[in-house]
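Here the sequence shown stands for residues 1 to 303, numbered as in full-length UniProt numbering.
Yeah, the Cβ is synthetic: ideal placement off N, Cα and C, and Gly gets one too.
Predicted model, so just to flag it, every value in this text is computed and none were measured.
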Amino acid sequence: MKKIIIDCDPGIDDALALLLAASSDQLDLLAVTTVAGNRPVAITARNARRILDAAGKMHVPVYAGAALPLGYAEARCNLVHGEDGLGGVVFGADRSVQTGHAANRLIELLLEHEEGSITLVAIGPLTNLALAERLSPGILKRARQLLIMGGALRCPGNVTPAAEFNFYADPVAAEIVITAEASLVLFPLDVTHQVVMSPEWIQSFSTIDTHCGQLAADMLEAYAKLDPLLHDACPVAYLLDSSLFGGESCAVTIDCRPGPTEGYAMSWFGSQIDGRKENVWAITKVHDEALLTLVRSSINMLS
Ligand SMILES: [Ca+2]
C-alpha cells in the first residue's frame, strides 16, 4: 500500500481524482486537506467530505486549510465548477470536517510517518504545502514524492496566456514548493490538455449502475460543457500506473511579480538548462485512451 495525502480544492476534476484514489486498494489515503481554489476553503472542505463519504471512505479525515493565498487579501476563486463547486449535484447529509489547520496536520503526518513513506498529491493552489514548509522548513523533503498538478510550461495558460490556474491562484506558494528541494513530479497543462473527455466517454458513466457512477456521470455532464479536460486525476493515475506517462527533467521557477506574467512557470529543458538546478520531473506525455479507460474502470469498482 502506498501512503498518500491529497491536497485539493474540489472542484469536479478534484472529485474525480478523489473517487479514483478511493477506488484503489493500492493506496492508503491518510488524509485529505483542502485549500481555497475552485471555491472558498469551507466549501472545498465540505465537498471533499461529501465525495469521500459517497465513496465509502468515511474514516478518511478531511482538514480545511488556507482561505487566502500568501500575500493577497482575497482568494482567487473561479466558478468553473458552479456555485457549489460540484456542478449542483445532490449529495447526502453533510458531516463536519476535522478541527485543526491542514498545514499543521500535513506537518504532523509527515513527522509521524517514516521519512520517504508518504506521497503528497497536490491538485489545487499550493498554499497549504507552502505554509507547511514555512512553519517547518525542510518538511516537504520528508515526503516520498510530491505529485503536483499545475503550471503551463511550453503551452499557454488557462487563466492568462502565461499562467495556469493553480499557480496563478498562489504564485508565491508555488515558488516555495517548487524550490523546496523535494522529489517533485509536475503534471502541467502540457500533459493534461492531452486528456480530452469525449462525449462518449462521459456518457459511458451513465451506464454504471452504482451511486458513485451516477454521481460521476452527473458531475461530468456539468463540467464537460466548460472544460472537458481531466486535469486532477492525472497524478492519482500516475500512482496507479506510472507507465501511462512520460516525462522530462527540467528547471522551473515561478514568476511571482504582479502583472501580466504573474504565475507563469518559466521552464528550461535540455541544453537550455545550462547549469541551472533541475528541480522538476515534468510529465509531458500520456497514453490518453488508456488513462481514460483506467479512470472509468476504477470508478466502476466503487459502490
Ligand atoms: Ca483542483
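Could you give the C-beta distance for L16 and A55, rounded to a whole number, given that I count them as a contact under 8 angstroms? In the sequence shown, the residue the question calls residue 16 occupies position 16. In the sequence shown, the residue the question calls residue 55 occupies position 55. About 11 angstroms; that fails the 8 angstroms criterion.
Would you list the one or two residues that DSSP bridges to A152? What you label residue 152 is simply residue 152 of the sequence shown in a count that begins at 1. Paired residues: none, contrary to the question.
Buried or exposed by the 16-neighbour rule on C-beta atoms within 10 Å, applied to K57: As a working mapping, residue 57 is identified with position 57 in the sequence shown. K57 should be labelled buried.
Residues bridged to Y63 by DSSP? The residue you call residue 63 lines up with position 63 of the sequence shown. T33.
Is G157 helix, strand or coil by DSSP? By one-based count along the sequence shown, residue 157 stands at place 157. Coil at G157, not helix or strand.
Hey, how far is the Cα of A45 from the Cα of A66? In the sequence shown, counting from the first residue as 1, residue 45 sits at position 45. In the sequence shown, counting from the first residue as 1, residue 66 sits at position 66. Each residue's CA atom was taken as its position, placing A45 and A66 some 11 angstroms apart.
Determine the extent of the alpha helix (DSSP H) in which M219 is found, giving its start and end residues. For the purposes of this step, residue 219 is taken as residue 219 along the sequence shown, with counting starting at 1. Residues H211 to A224.
Contacts around A237, its chain only, beta-carbon distance under 7 angstroms, and the 5 residues preceding and following it disregarded: Position 237 of the sequence shown holds residue 237. Same-chain partners within the cutoff: L20, L244, L291, L294 and V295.
Could you give the distance in angstroms between the alpha-carbon of D190 and the alpha-carbon of T284? Reading the sequence shown from its first residue, position 190 is the one you call residue 190. Reading the sequence shown from its first residue, position 284 is the one you call residue 284. Rounded to whole angstroms, D190 to T284 spans 6 angstroms at the Cα level.
Exposed or buried, what is L131 when buried is set at 16 or more other beta-carbons lying within 10 Å of its beta-carbon? The residue you call residue 131 lines up with position 131 of the sequence shown. Its Cβ being crowded by 16 or more others within 10 Å, L131 is buried.
Under 8 angstroms from any heavy atom of ligand 1, does the C-beta of M266 make it? Mapped onto the sequence shown, residue 266 falls at position 266. Outside the cutoff, so no.
Go ahead and pull the three-state DSSP assignment for I254. Within the sequence shown, residue 254 is the residue found at index 254, counting from 1. If DSSP states are grouped into helix, strand and coil, I254 belongs with the strands.
Express the C-alpha separation of E175 and K141 in angstroms, rounding to a whole number. Position 141 of the sequence shown, counted from the start, is the residue given in the question as residue 141. Position 175 of the sequence shown, counted from the start, is the residue given in the question as residue 175. Distance between the alpha carbons of K141 and E175 is about 15 angstroms.
Given 8 angstroms as the limit, tell me if C8 has its C-beta closer than that to any heavy atom belonging to ligand 1. Here residue 8 refers to the residue found at position 8 of the sequence shown. True, at least one ligand heavy atom lies under 8 angstroms from that Cβ.
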